[in-house]
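I have placed the structure first, in the form of structure tokens, so that the comments after it can refer back to it.
Protein chains in written order, with the working numbering: chain A, 1 to 192; chain B, 1001 to 1176.
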């Protein structure tokens, strides 16, 4: 996917430059962008290391498993078909919490595991169950509370207050997640 | 408006305080774990550095060639009546496909318009409340070989659309 995208972007740039007469600017743009990418990585080295360090403290202290144990009532509401106790509850909770904390690397393995367990009870293996749909739509509605990378990018480009977007981002994340739940609940009600 | 900035300023310190208090109450060696995790973050950035170089070069060339401006101009007649900043359209679409390619476009917009411009603030907020829907869909459903997803894609795209519209509205409300 990225192979076509990346190659396509550069070839498109060269073709367009032929028509717009910006060919001379292309070389500079390529060199400047490569240099700028490394400047950015230096900022990211600091900010992201700080954040993953903090999140590792949370993970090692057992915060993720403690939170997932407490999320049972919510899981029962979201996934009534799974009953009171289901082996899929744990990876689903871990996936949600890892996503909320912005731990992408911890979210994907538990998410795939949840899907694998859900697939075992699936009467039609080529069709998603309502439980899978609810799980996936919530997962893709954006759960992350703090998008630290965007804050780091803003700092790198000289923002006066890089973190000012955290609050609005958080509120909208809550809105989209509520929408995701409502959408799937509505589909279930109308038997789709 | 002030409470929003207050909230933004509070979240990171609160996250620190919450995690540290919890970990200390469990008698964890917090600094040792921090250093181990920071090392992971460090190597993650080093690993993605070549990706960032590649994508920033591609986006930089697209910008210099005038292709991004042409694209914005082509989208303008559709985006403008809807009140949507046409410069943000390529980024919005890319966001659903690839996180790293979207980052390249985001940084290009930061460079051209500044992160504290209306557009800069809007795209910052929009990036924080959207997901790589197409990428996630294909990974998860391909893994268990489900082909009929029964409106999962519709739901995810609508949730992201709600996020994008709310982001635009909130940016207008806070900074417009």
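A virtual CB, placed ideally from N, CA and C, is assigned to each residue, including glycine.
Asked: Give the interface partners of residue 10 of chain A over in chain B, defined as CB-CB distance under 9 Å, in chain order.; Found: 1057, 1058, 1061 and 1062
Asked: For residue 90 of chain A, which residues in chain B fall below 9 Å Cβ to Cβ?; Found: Within chain B, no residue comes near residue 90 of chain A; the closest Cβ sits about 17 Å away, beyond 9 Å.
Asked: Residue 137 of chain A and residue 1159 of chain B: beta carbons closer than 8 Å?; Found: yes
Asked: Tell me which residues share the same chain as residue 163 of chain A and place their Cβ nearer than 7 Å to its Cβ, disregarding the 5 neighbours each side in the sequence.; Found: 151
Asked: Between the alpha carbons of residue 1032 of chain B and residue 1016 of chain B, how many angstroms are there, rounded?; Found: 15 Å
Asked: What is the DSSP secondary structure of residue 1027 of chain B, reduced to helix, strand or coil?; Found: coil
Asked: List the residues of chain A that residue 1028 of chain B touches, going by C-beta distances under 8 Å, in chain order.; Found: 57, 60 and 61
Asked: Whole alpha helix (DSSP H) runs in the stretch 1042-1112 of chain B with 4 or more residues, listed along the chain?; Found: 1067-1079 and 1089-1095
Asked: Going straight from the alpha carbon of residue 182 of chain A to that of residue 130 of chain A, what length do you get?; Found: 13 Å
Asked: Which residue or residues does DSSP assign as beta-bridge partners of residue 60 of chain A?; Found: Looking at the DSSP assignment, residue 60 of chain A forms no beta bridge with any residue, so it has no partner.
Asked: For residue 1149 of chain B, which three-state DSSP category applies?; Found: coil
Asked: What are the start and end residues of the alpha helix (DSSP H) that includes residue 149 of chain A?; Found: 148-156
Asked: Determine which residues of the stretch 1014-1045 of chain B have a Cβ less than 8 Å from any Cβ of chain A, and write them out in chain order.; Found: 1015, 1016, 1019, 1020, 1022, 1023, 1026, 1028, 1030, 1033, 1034, 1035, 1036, 1037, 1038, 1039, 1040, 1041, 1042, 1044 and 1045
Asked: Taking beta-carbon pairs under 8 Å, can you tell me which members of the stretch 1112-1124 of chain B lie near chain A?; Found: 1114, 1115, 1116, 1120, 1121 and 1124
Asked: Below 8 Å on the Cβ atoms is my contact criterion, and I expect residue 1128 of chain B with residue 147 of chain A to pass it. Report the Cβ-Cβ distance as a whole number of Å.; Found: 4 Å
Asked: For residue 127 of chain A, does the three-state DSSP call read helix, strand or coil?; Found: strand
Asked: If I measure Cβ to Cβ from residue 122 of chain A and keep anything under 6 Å in the same chain, skipping five residues before and after, which residues do I get?; Found: 129
Asked: Any beta carbon of chain B sitting closer than 8 Å to that of residue 176 of chain A?; Found: yes
Asked: Considering only residues of the stretch 82-122 of chain A, which uninterrupted alpha helix (DSSP H) runs meet the minimum length of 4 residues and lie entirely inside it, listed in chain order?; Found: 89-100 and 104-120
Asked: Give the residues of chain B in contact with residue 103 of chain A, contact being defined as C-beta atoms less than 9 Å apart.; Found: Within chain B, no residue comes near residue 103 of chain A; the closest Cβ sits about 10 Å away, beyond 9 Å.
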